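Residue numbers (my numbering), protein chains in the order written: chain A, 6 to 262; chain B, 6 to 262; chain C, 6 to 262.
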Amino acid sequence: MAIVTLLTDSGESDHYIAAIKARIVTVNPNLRIIDISHSIRMFDIGHAAFVLRSVFRDFPKGTVHIAGVDAAGNRGEIPVIVRLEEHFFVGRDNGLFSLISDQPPTGVWEIVIQDPGLTTFPEKEIVAGTAARLAGGEDPGSLGKAVGDLRRLIDRQVKATRKQITGHIIRVDHFGNLITNIPRQAFEVLSKGKGYTVQFGGEKFRRVHSHYNQAEQGECFLVFNSLNFLEIGIYKGNAAELLGLSYDSVVNITFDE
Amino acid sequence: MAIVTLLTDSGESDHYIAAIKARIVTVNPNLRIIDISHSIRMFDIGHAAFVLRSVFRDFPKGTVHIAGVDAAGNRGEIPVIVRLEEHFFVGRDNGLFSLISDQPPTGVWEIVIQDPGLTTFPEKEIVAGTAARLAGGEDPGSLGKAVGDLRRLIDRQVKATRKQITGHIIRVDHFGNLITNIPRQAFEVLSKGKGYTVQFGGEKFRRVHSHYNQAEQGECFLVFNSLNFLEIGIYKGNAAELLGLSYDSVVNITFDE
Amino acid sequence: MAIVTLLTDSGESDHYIAAIKARIVTVNPNLRIIDISHSIRMFDIGHAAFVLRSVFRDFPKGTVHIAGVDAAGNRGEIPVIVRLEEHFFVGRDNGLFSLISDQPPTGVWEIVIQDPGLTTFPEKEIVAGTAARLAGGEDPGSLGKAVGDLRRLIDRQVKATRKQITGHIIRVDHFGNLITNIPRQAFEVLSKGKGYTVQFGGEKFRRVHSHYNQAEQGECFLVFNSLNFLEIGIYKGNAAELLGLSYDSVVNITFDE
Chain A
6 MAIVTLLTDS GESDHYIAAI KARIVTVNPN LRIIDISHSI RMFDIGHAAF VLRSVFRDFP
66 KGTVHIAGVD AAGNRGEIPV IVRLEEHFFV GRDNGLFSLI SDQPPTGVWE IVIQDPGLTT
126 FPEKEIVAGT AARLAGGEDP GSLGKAVGDL RRLIDRQVKA TRKQITGHII RVDHFGNLIT
186 NIPRQAFEVL SKGKGYTVQF GGEKFRRVHS HYNQAEQGEC FLVFNSLNFL EIGIYKGNAA
246 ELLGLSYDSV VNITFDE
Chain B
6 MAIVTLLTDS GESDHYIAAI KARIVTVNPN LRIIDISHSI RMFDIGHAAF VLRSVFRDFP
66 KGTVHIAGVD AAGNRGEIPV IVRLEEHFFV GRDNGLFSLI SDQPPTGVWE IVIQDPGLTT
126 FPEKEIVAGT AARLAGGEDP GSLGKAVGDL RRLIDRQVKA TRKQITGHII RVDHFGNLIT
186 NIPRQAFEVL SKGKGYTVQF GGEKFRRVHS HYNQAEQGEC FLVFNSLNFL EIGIYKGNAA
246 ELLGLSYDSV VNITFDE
Chain C
6 MAIVTLLTDS GESDHYIAAI KARIVTVNPN LRIIDISHSI RMFDIGHAAF VLRSVFRDFP
66 KGTVHIAGVD AAGNRGEIPV IVRLEEHFFV GRDNGLFSLI SDQPPTGVWE IVIQDPGLTT
126 FPEKEIVAGT AARLAGGEDP GSLGKAVGDL RRLIDRQVKA TRKQITGHII RVDHFGNLIT
186 NIPRQAFEVL SKGKGYTVQF GGEKFRRVHS HYNQAEQGEC FLVFNSLNFL EIGIYKGNAA
246 ELLGLSYDSV VNITFDE
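What follows is the structure, given as structure tokens:
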């Protein structure tokens, strides 16, 4: 069964998600639908991009991912089909899809809407059916008009020199763990044969663990997580609350001379 | 695959929903189960009816919809099968099914319980199996005893004259948008060639938008939504909080002379 | 379709659950995945055990149940496969599986991890794939190394004499109902032909109902629920809040002389 995934900020107490699913299975009853999350913070494209970027490659190639976040959107944003790393993405061209990969898309198609005034629920009325047809094997070129590129948003970047890496917290997860944008690879290259100090809030650490449970209960751990980004947490505690850090807080690594 | 949908007020932290699903797939492993919502407010038949009414027609005809809201129920309420607009509904006869369509049911069957004292979890023990058999193609007449009608509840009605339409907010959605029971059709007939004023709380508007994003950020929009009811919101804001309106607040449209 | 169930404390706002599902369907696209809950309180093995124990037998025999609760775990805990009452369970050996049945497992296999330092997300990287292969019919002996037994945790026990049963509240459910560990069978044997008094908080009752709705609105009901344990609630109210009781509160039944 081909797969369609769903990522929205719609919550769970309305008819919106079921309406999208109903449309998908009506257009193509042979698809598997997998929810990624419907608990994205309202209108938060950064949160949505983090989650989608962290998981889409785990699905088989050819999977179709629907993103319906900040779906009412801004004027001029149109629904698009994007092909990226051999996955398909369908949703409003609001910048989200520019944040999920460093690779350029291998195709962008604008979904032509006959009468834009007629739809106030495009995820159901336009996106769901397009996604179902794509997952059923239809060609994106038959479902939309090829266009040049996506709307681009720029993410917080890591700054790295020989002496220092400066990054930010890009996600506070359900457990209160603080996920940074500091990649394992940069750290490993720069720390080779050197001591280092990791600083955030008022804290200083001179060690990165290889596993969450190498800290004692109530103590900080620093690990490179399964996404290969530096993650800070408190073992069996909520690091965001206990350290007073949140989205966009700075994390510094200074390498010894 | 035939479809069974699930709508409950059971939340997500117990075994209840999984127990219902386990029963369905045990009785018939060839069904697709789609969750509508498990975040209906506890015992809130109005909330459940709004959500079910807003989405059931999006599913293919013949779909079986389980409703398990206020499921402990009141004495004398029995589980029923209802056929309505070529869909099936299974659940306690607590009035919910009378609120989801203006059309009369084309069949109501009482599910005969051998020993009512023996079950404290009828959604699992009675409703789930009946729904699975219905979805598998069994005749409702073989699963219950035909009865005359449903228990009826009466919803808030819109009042319309040539001068005025008076409606109410019937749902505050996840985004804080205020969905009224004022239908597009009545508005279009009465507003033809006339100016009008929409009033709610202390606000007055003389325009309905065709799309959410025609308002500026932080400003009110008024649209007829995908259900064709008047909806009031604040673009990228929470209208319920910012306007101080809630379920059952009055919305008036006055037409110019 | 063979079934894999999922029970975690991961919440719904991250990529974790979708990553586990993606791995399952990548390893074996012919499985049905059913969520039990992702709203287990963080790190709460008791909550997870209650939910899993209450529902796993409702699934067909041979179902594979993934438990990812307190998954970062404590040092020395390893992922295991457990065969118990003809179901399979896969997850960290943190004591959870010892709390879901009074029967001993009919097999425990340790999943051998090549390099434990390399994984910070074992539910995705180890558990999901193993579960998918088990559900596909592979032999547990080919997926792990047979070991003697599970890590054991001891649950709160009921004390019963001819004069008294003393139990505890072991779960406050979504509705605020208080589920105790007092089993119907012990009560029925000891109460035969005798009056009795049920006490909790400052309340005393001399009757157990056979159904939730035999109480009046706002009044206490006492029933043996579908799990055959004594449950205390307030009909259409929240018993935990209104009675001031919570997890681990004592419930006593005294039998008349």
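Note that the Cβ used here is the ideal one computed from N, Cα and C, for glycine as well.
Bear in mind the structure is a predicted one, so any value in this text is a computation, not a measurement.
Measuring CA to CA, which of the options is closest to residue i?
i       : options                               : result
F205(A) : K241(A), A140(A), C225(A) and V255(A) : V255(A)
L11(C)  : D19(B), A137(B), D14(B) and A7(B)     : D19(B)
R189(A) : A165(A), R97(A) and R176(A)           : A165(A)
S251(C) : N35(C), N182(C) and G200(C)           : N182(C)
I22(C)  : N33(C), R62(C) and P127(C)            : P127(C)
E90(C)  : A77(C), P109(C) and R97(C)            : P109(C)
R176(B) : V32(B), D253(B) and E262(B)           : D253(B)
L155(B) : G81(B), G141(B) and I187(B)           : G81(B)
Suppose you measure from the CA of residue i to the CA of residue j; what does that come to, to the nearest Å?
i       : j       : result
L101(B) : D107(B) : 13 angstroms
I131(A) : F94(A)  : 13 angstroms
V163(B) : N99(B)  : 23 angstroms
F226(B) : R211(B) : 11 angstroms
V228(C) : A220(B) : 54 angstroms
N79(B)  : F64(B)  : 30 angstroms
Q169(A) : V56(A)  : 28 angstroms
L148(B) : I159(A) : 59 angstroms
A53(C)  : V152(B) : 43 angstroms
N257(C) : V203(C) : 6 angstroms
I116(C) : W114(A) : 45 angstroms
G207(B) : G172(B) : 16 angstroms
Y217(A) : A76(C)  : 10 angstroms
L36(C)  : E262(C) : 57 angstroms
Q119(C) : G96(C)  : 17 angstroms
L195(B) : N243(C) : 46 angstroms
R58(C)  : H92(C)  : 12 angstroms
I174(A) : Y201(C) : 59 angstroms
E193(C) : R62(C)  : 24 angstroms
V213(B) : T31(C)  : 48 angstroms
E143(C) : K66(C)  : 15 angstroms
M6(B)   : P34(A)  : 7 angstroms
R167(A) : I187(A) : 14 angstroms
K209(C) : K199(C) : 16 angstroms
G141(C) : R88(C)  : 15 angstroms
Just to confirm, are residue i and residue j a CB contact at a threshold of 9 angstroms?
i       : j       : result
E17(A)  : E17(C)  : yes
V60(C)  : I41(C)  : yes
I86(B)  : L139(B) : yes
G249(B) : I239(B) : no
A136(A) : I71(A)  : yes
A74(C)  : I45(C)  : According to the sequence provided, residue 74(C) is Val. The question's Ala does not apply to it. Their beta carbons are under 9 angstroms apart, which means V74(C) touches I45(C) by this criterion.
K150(B) : A24(B)  : no
F234(A) : T185(A) : yes
G112(A) : P84(A)  : no
I5(A)   : A133(A) : Residue 5(A) lies beyond the residue range present for chain A, which begins at 6 and ends at 262; the question has no answer from this structure.
E236(B) : T125(A) : yes
S103(A) : R157(A) : yes
K197(A) : F48(C)  : no
H179(C) : S15(B)  : yes
I38(A)  : A27(C)  : no
Within the 9 angstroms Cβ cut-off, does residue i reach chain E?
i       : result
T135(A) : Judged by its chain identifiers, the structure shown contains no chain E, and its protein chains are A, B and C.
Name, going along the chain, the residues of the segment 76-87 of chain C whose beta-carbon falls closer than 7 angstroms to a beta-carbon of chain A. A77, G78, N79 and R80
By the 8 angstroms beta-carbon criterion, what residues does the segment 40-51 of chain C contribute toward chain A? M47 and F48
For the segment 166-192 of chain A, enumerate the residues whose C-beta is nearer than 7 angstroms to any C-beta of chain C, in chain order. D178, H179 and F180
According to a CB-to-CB cut-off of less than 7 angstroms, which residues of the segment 223-238 of chain C neighbour chain B? V228, N230 and S231
Using Cβ-Cβ distances below 7 angstroms, what residues of the segment 14-25 of chain B are close to chain C? S15, G16, E17, S18, D19, H20, A23 and A24
What residues from the segment 62-74 of chain B come within 7 angstroms of chain A, judged by C-beta to C-beta, listed N to C? D63, F64 and P65
So if I threshold CB-CB distances at 8 angstroms, which residues from the segment 209-221 of chain B count as touching chain A? S215, H216, Y217, N218 and Q219
Residues in the segment 25-39 of chain C having any Cβ partner in chain B nearer than 8 angstroms: R37 and I39
Below 8 angstroms between beta carbons is the criterion; list the residues of the segment 91-120 of chain A that meet it against any residue of chain B, in chain order. none
Closer than 8 angstroms between beta carbons: that is the criterion. Which residues of the segment 239-255 of chain A meet it against chain C? Y240 and K241
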